[in-house]
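Student: Can you keep this structure in mind? I'll have questions shortly.
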Amino acid sequence: MTWQQNVEDFGEEIEPGSTFRFECHQGLSCFGTCCATDVTLTPYDIACMRRHLDTDSHQFLSAYCVTCVDALTGFPSVLLKHKEDSTCIFLKSHGCNIYQSRPSCCRNYPLARVIEHDDKSGKRLTRYYLQRRADYCEGLGTGPEWAIDAYCEQNGLGPYEKANDIFLQIPFAFERLPFSLKHDKEVQTMIYQAVFDFDNFFEKYARFGPTTIPADDYEMLATVASITLNLIKRTADLKS
Ligand code: SF4
Ligand code: SF4
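Residues 1130 to 1369 in this note's numbering are what the sequence shown spells out, letter by letter.
Next up, the structure:
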């Protein structure tokens, strides 16, 4: 499943101010079933996980991820690899082996956070949905009652949302390229390297400009986003 399909695969919308019930714990017969679904990563997810695992983006992508290109939009996506038993590469018998740095969509579950962008006004609208296709999940509809904000805070989503919102500028800008450019392999590779293999990209880019890699992951991704938006603009200008 690609990034776009994943975003579109949401269920029942939760209106602001309303609540939902959810509780997950070891011992449930469904424990780990949710970790057999596709997990699409954002650049900030990769930044946090590669730091936790003391590696760089290039090694992380090669060891733990698969990449694909959305057939419709042409935008590259990165997903966590599955093991032979179809579960996530990080799922162990005790649960998630990288729980502290688990990615945004695992933190959000059972919510799906969807951002809509209005090209005319430039405004964004954030909606939350209770994910569908999770009828195996025994935790849905049980346990404590959560408001969306409290659930996001409990799961440490603040920094992820801030960084992911910056990243979203890139697919939105990419979407405006002509069809032939969106489906040009060289353009797709350039975007993939800049956005997801950022450590490698920075090392190469640093030779051509004064930019050094910011130590803070949020600052680093904000710089990557700004460079990538510039690349998208230059690509559109050069090929038009
Ligand atoms: S309750 Fe839901 S989230 Fe928890 S392990 Fe079961 S399927 Fe996964
Ligand atoms: S990263 Fe952790 S929580 Fe997310 S799917 Fe993999 S094992 Fe499950």
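We put the beta carbon where it would ideally sit given N, CA and C, even for glycine.
#1: Got a list of residues with beta-carbon closer than 5 Å to any non-hydrogen atom of ligand 2, in chain order?
#2: Measure the Cβ-Cβ separation of Cys-1194 and Leu-1220 and say whether it is below 8 Å.
#3: Taking the alpha helix (DSSP H) that Gly-1272 falls in, what are its first and last residues?
#4: When DSSP labels each residue in this structure, what does Lys-1212 get in the three-state scheme?
#5: Could you check the C-alpha separation between Asn-1293 and Glu-1213 for me, to the nearest Å?
#6: Quick one: give me the first and last residue of the alpha helix (DSSP H) that Val-1198 is part of.
#7: By Cβ distance, which residues of its chain are closer than 8 Å to Asn-1329, with the 5 residues on each side in sequence left out?
#8: What are the boundary residues of the alpha helix (DSSP H) that Tyr-1289 is part of?
#9: Spatial neighbours of Ile-1375 within its chain, please: CB distance less than 6 Å, with the 5 preceding and 5 following residues excluded, ordered by chain position.
Tutor: Quick answer:
#1: Ordered along the chain, the selected set is Cys-1164, Val-1168, Cys-1217, Phe-1219, Leu-1220, Cys-1225, Arg-1231 and Cys-1235.
#2: Here Cys-1194 is not near Leu-1220, since their CB atoms are 8 Å or more apart.
#3: No alpha helix (DSSP H) contains Gly-1272, which is instead part of the beta strand (DSSP E) from 1269-1276.
#4: Correct three-state label for Lys-1212: coil.
#5: So the alpha carbons of these two residues sit roughly 30 Å apart.
#6: Going by DSSP, Val-1198 is part of no alpha helix (DSSP H) but of the beta strand (DSSP E) stretching over 1194-1198.
#7: Contacts found: Asp-1185, Ser-1186, His-1187 and Gln-1322.
#8: For Tyr-1289, the uninterrupted alpha helix (DSSP H) segment begins and ends at 1287-1296.
#9: No information on residue 1375 is available, as it lies outside the stretch 1130 to 1369 that the chain covers here.
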